[in-house]
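The sequence shown maps to residues 833 to 1440 in the numbering used here. Just so you know, even glycine gets a beta-carbon here, dropped at the ideal spot from N, CA and C. Quick caveat, the model's predicted, so the values are computed rather than measured. This report concerns only the one structure given below.
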Amino acid sequence: MGYRNLRECINDLERTGQLVRIESEVDPYLEAAEIQRRVYQAQGPAILFNRVKGCRFPMVSNLFGTIDRARFLFRDTLALVQRLVDIKLDPASALRYPLQSARAFPAAWAMRPKFVRSGPILAHETTISQLPQLVSWPDDGGAFVTLPAVYSEDVNKPGWQSSNLGMYRIQLSGGDYEPDRQIGLHYQLHRGIGVHHTQAVRSGKPFRVNIFVGGPPALPLAAVMPLPEGLSELTFAGALGGRRMKMIRRTDSLPLAAEADFCITGTVDPDRLLPEGPFGDHLGYYSLTHDFPVLDVEHVYHRKDAIWPFTVVGRPPQEDTTFGQLIHEITGAAIPQVLPGVKAVHAVDAAGVHPLLLAIGSERYTPYSKEQRPQELLTQANAILGQGQLSLAKYLLIVNEADDPTLDIHDIPAFLCHLLERVDWTRDLHFQTRTTIDTLDYSGSSLNAGSKVVIAASGPKRRDLPTELPTGLTLPDEFRNPRVCLPGIVAIEMRSEISNLKSQNWPSAIEQLSSLNSFPLILLVDDSDFVASFLNNLLWVTFTRSNPAADIHGIDAFTEEKHWGCRGSLIIDARLKPHHAPPLIEDPQVTKRVNQLATKGGPLEGLL
833 MGYRNLRECI
843 NDLERTGQLV
853 RIESEVDPYL
863 EAAEIQRRVY
873 QAQGPAILFN
883 RVKGCRFPMV
893 SNLFGTIDRA
903 RFLFRDTLAL
913 VQRLVDIKLD
923 PASALRYPLQ
933 SARAFPAAWA
943 MRPKFVRSGP
953 ILAHETTISQ
963 LPQLVSWPDD
973 GGAFVTLPAV
983 YSEDVNKPGW
993 QSSNLGMYRI
1003 QLSGGDYEPD
1013 RQIGLHYQLH
1023 RGIGVHHTQA
1033 VRSGKPFRVN
1043 IFVGGPPALP
1053 LAAVMPLPEG
1063 LSELTFAGAL
1073 GGRRMKMIRR
1083 TDSLPLAAEA
1093 DFCITGTVDP
1103 DRLLPEGPFG
1113 DHLGYYSLTH
1123 DFPVLDVEHV
1133 YHRKDAIWPF
1143 TVVGRPPQED
1153 TTFGQLIHEI
1163 TGAAIPQVLP
1173 GVKAVHAVDA
1183 AGVHPLLLAI
1193 GSERYTPYSK
1203 EQRPQELLTQ
1213 ANAILGQGQL
1223 SLAKYLLIVN
1233 EADDPTLDIH
1243 DIPAFLCHLL
1253 ERVDWTRDLH
1263 FQTRTTIDTL
1273 DYSGSSLNAG
1283 SKVVIAASGP
1293 KRRDLPTELP
1303 TGLTLPDEFR
1313 NPRVCLPGIV
1323 AIEMRSEISN
1333 LKSQNWPSAI
1343 EQLSSLNSFP
1353 LILLVDDSDF
1363 VASFLNNLLW
1373 VTFTRSNPAA
1383 DIHGIDAFTE
1393 EKHWGCRGSL
1403 IIDARLKPHH
1413 APPLIEDPQV
1423 TKRVNQLATK
1433 GGPLEGLL
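Spelled out as structure tokens, the structure:
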């Protein structure tokens, strides 16, 4: 049976040697976040900070720091939830495997919330300023909640059945917010709360929001679960938690999660916005200040033994990587059913998740065709880009399963080699211009605005990929320091003087790279040694610093019937541009202080 609350979870992790208590005082301003990042990188235990500077509430982090620990937390229910997904996809399987299906019925029963009159969350009240004021990065605009579960309902169809539970960004302080009275509520495209906001605008009335922090570990995981629109995440929280979610009915607010550690209640005026941010976000850069909705705070409840869970968002991998891994384990089997012909989809964490999708599809309809080119793959690509948050992808790379049935979509070097061996740059590039991209991605032309490209490769191998630079290679003065990153991929630095893409020097400069035409993909970067040193560096730089329509170029390029392609190498300009957000950098003084805490005899000895 799953945990009723966060305290049970922490006690279990401590009992099994998976949690360490830190009794020394830790500052929630930068220091706690630095410790969390370092412990996560070391694949260390969960950390309970018992003494938080300026705050009476303890904090806990790294609960989901490893995939093995996440599986441990849901060890009694994970297989049952996976079975529920299988039954939903194929009801006939319940008849073929009745015993296994019967074991999943308790999880199905737990999917309906249990409404109660009272619970631990109502034990005490406090104020926003008394909560842990966690600041993760030096230029963050204030303190933020980083593991919230934000609950809202449709003003026209109230009730939990039409509710949304999402993990949205909550700014507790800073900016223009009135202290203890207002907090920022940041959410992006394709988030369920946006539907509720739209209904409130149309109805001309405010809508209520409850923000849960803590509680059973199934609650934050449910908040990031990509469920179909109209299906409440409370159902998933109950199934994964192994028990019905206890919710307290209230006449003055939305239902409260009875076992949450904290709950902030309030209302949102749908027509009022205030500046929110900056905030160090999951692409590895700051998301900048923009206008977002405001929550007018009414109550801040907490249980008597409340603990404040937190994580740190930054360049991946971070702790939220585990959420993605766990969600894939639960729902991976759903892809072929939801998207016919698609065998697998991988949102690449190292590239910031949304910027890069890899997919394996199939060409099922024309087995008689002698012309082996992408056909149904393009239909499948459009279907992928029509699915919820998958639609935020900038780069979708899709290949045909039949060309190599053993290809592993999670083996990224092998996938890229397979694609580059087969791709035809005159045919296989398909752009969507002036469309939507992730709110947090600043590579585009403005907020939420950018472009996409589908690269679809099918058929026999067309080329051998070089692994070394050509002998006696000479390059014009504009370029320097070429480095081979992977077979067929070379990174090269380019002088900043010709960074203006509208410069008359640009086309001639591109053509001067023809000596590298044996490489199907050339990356223009700021630091080629950095990009070539580590696969994650290549993925991060290439796909977070480029906007396909603006930054993809090619040698011997052409446009024919509105189709763009090139006969030579494809070139992606992945340099930092003036309009990009700044990358995240730690405060060196805080790093020095944390290093001291990790020395012999220090509270972090052996953890970093």
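Do leucine 1086 and asparagine 1042 have their beta-carbon atoms positioned less than 8 Å apart in this structure?
Cβ atoms of asparagine 1042 and leucine 1086: closer than 8 Å.
On the DSSP bridge assignment, give the partners of aspartate 1235 in chain order.
Aspartate 1235 pairs with nothing; no bridge assigned.
By the 10 Å Cβ neighbour count, where 16 or more other Cβ atoms means buried, how is alanine 1032 classified, buried or exposed?
So alanine 1032 ends up on the buried side.
Consult DSSP for valine 1027 and reduce its assignment to one of helix, strand or coil.
Valine 1027 falls in the helix class under three-state DSSP.
Could you have a look at valine 1174 and say whether DSSP puts it in helix, strand or coil?
Coil, per DSSP.
In its own chain, which residues sit with a C-beta less than 8 Å from the C-beta of threonine 848, not counting the 5 before and 5 after it?
So the qualifying residues of the chain are Phe904.
Provide the residue(s) that pair with leucine 856 in DSSP beta bridges, ordered along the chain.
Checking the displayed sequence, the identity of residue 856 turns out to be serine instead of leucine. DSSP lists no partner for serine 856.
Would you verify that the beta carbon of valine 1231 is, or is not, closer than 8 Å to some beta carbon of chain E?
In summary, chain E is missing from the structure at hand, where a single protein chain is found.
How far does the alpha helix (DSSP H) with cysteine 841 in it reach, from first residue to last?
Element bounds for cysteine 841: 838-847.
For the segment 1279-1339, which segments carrying the beta strand (DSSP E) assignment without a break, of at least 3 residues, lie completely within its bounds, in sequence order?
The qualifying runs are 1281-1289, 1311-1318, 1321-1326.
Rounded to whole angstroms, how far is the Cβ of valine 977 from the Cβ of leucine 862, which I believe are closer than 8 Å?
Incorrect: roughly 16 Å between the Cβ atoms, too far for contact.
Which value, in whole angstroms, describes the spacing of the CA atoms of arginine 1327 and phenylalanine 1311?
If I take the Cα positions, the gap works out to 6 Å.
If you reduce the DSSP assignment to three classes, tell me which class histidine 1242 lands in.
Three-state DSSP puts histidine 1242 in coil, outside helix and strand.
Give a yes or no on contact between the segment 1124-1142 and the segment 945-961, applying the rule of three or more CB pairs nearer than 8 Å.
Contact between the segment 1124-1142 and the segment 945-961 is present, because at least three Cβ pairs lie under 8 Å.
From the DSSP output, read off the bridge partner residues of lysine 946.
According to DSSP, which records beta bridges pairwise, lysine 946 is partnered with Lys1078.
What's the call for proline 980, buried or exposed, on a 16-neighbour Cβ count within 10 Å?
Its Cβ being crowded by 16 or more others within 10 Å, proline 980 is buried.
Between the beta-carbon of leucine 1228 and the beta-carbon of proline 1352, is there less than 8 Å?
It is not a contact, given that the beta carbons lie outside the stated cut-off.
Give the DSSP-derived three-state secondary structure of aspartate 922 in the structure shown.
Residue confidence for aspartate 922 is low, a pLDDT of 47 falling below 50, so the modelled location carries little weight; the figure read from the coordinates is stated next. Looking at aspartate 922 - three-state DSSP - the assignment turns out to be coil, as it is neither helix nor strand.
To the nearest angstrom, report how far apart serine 1290 and valine 1144 are at their CA atoms.
The alpha-carbon atoms of serine 1290 and valine 1144 are separated by roughly 40 Å.
Compare the beta carbon distance of serine 995 and glutamine 965 with 8 Å and say whether it is the shorter of the two.
Not in contact: serine 995 and glutamine 965 (Cβ atoms no closer than 8 Å).
I'd like the list of long-range same chain contacts for lysine 1078, defined as Cβ closer than 7 Å, with 5 residues on each side in sequence excluded.
Here the set comprises Lys946, Val948, Gly951, Ala1090, Glu1091.
For a test of the three-state rule: what should DSSP assign to leucine 927, helix, strand or coil?
Note on leucine 927: pLDDT 39, under 50, position unreliable in the model; the coordinate value appears next. Reduced to three states, the DSSP call for leucine 927 is helix.
Any idea what DSSP makes of arginine 1104, helix, strand or coil?
Strand.
Residues in the same chain with beta-carbon distance under 8 Å from arginine 928, minus the five sequence neighbours each way, listed in chain order, please.
In this prediction, arginine 928 scores a pLDDT of 48, lower than 50, which makes its location untrustworthy; no coordinate-derived value is stated.
Give me the Cα-Cα distance between isoleucine 776 and alanine 1176, rounded to the nearest whole angstrom.
Residue 776 lies beyond the residue range present for the chain, which begins at 833 and ends at 1440; the question has no answer from this structure.
Use the C-beta contact count for leucine 1356: other C-beta atoms within 10 angstroms, 16 or more gives buried, fewer gives exposed.
The residue is buried, with at least 16 neighbouring Cβ atoms inside 10 Å.
Using the rule of at least 16 other Cβ atoms within 10 Å of the residue's Cβ for burial, across every protein chain shown, is leucine 912 buried or exposed?
That one is buried.
Identify whether lysine 989 lies in helix, strand or coil by the three-state DSSP scheme.
Strand, per DSSP.
Could you name the residues of the same chain whose beta carbon sits closer than 8 Å to that of leucine 1416, not counting the 5 residues immediately before and after it, in chain order?
Correct list, in chain order: Trp969, Gly1112, Gly1116, Tyr1117, Tyr1118, Gly1146, Arg1147.
Below 8 Å between beta carbons: does that hold for proline 1319 and cysteine 1398?
Contact flag unset, no.
Could you check what DSSP says for glycine 1220 in three-state terms: helix, strand or coil?
In the structure shown, glycine 1220 sits in a helix (DSSP, three-state: H, G or I).
Quick one: complete beta strand (DSSP E) runs, 3+ long, within the segment 1342-1377?
With a minimum length of 3 residues, the continuous beta strand (DSSP E) runs that stay inside the segment 1342-1377 are 1353-1357.
Please report the Cβ distance between leucine 1367 and isoleucine 1244, rounded to the nearest whole angstrom; I am assuming they are in contact, meaning their Cβ atoms lie under 8 Å.
Yes, leucine 1367 and isoleucine 1244 are in contact; Cβ-Cβ is about 7 Å, under 8 Å.
Any idea if lysine 1432 is buried or exposed, counting beta-carbon neighbours within 10 angstroms, 16 or more meaning buried?
So lysine 1432 counts as exposed.
Let me know if threonine 1153 comes out buried or exposed under the rule of 16 or more other beta-carbons within 10 Å of its beta-carbon.
It is buried - the Cβ of threonine 1153 has at least 16 other Cβ atoms within 10 Å.
If you reduce the DSSP assignment to three classes, tell me which class aspartate 1405 lands in.
Looking at aspartate 1405 - three-state DSSP - the assignment turns out to be strand.
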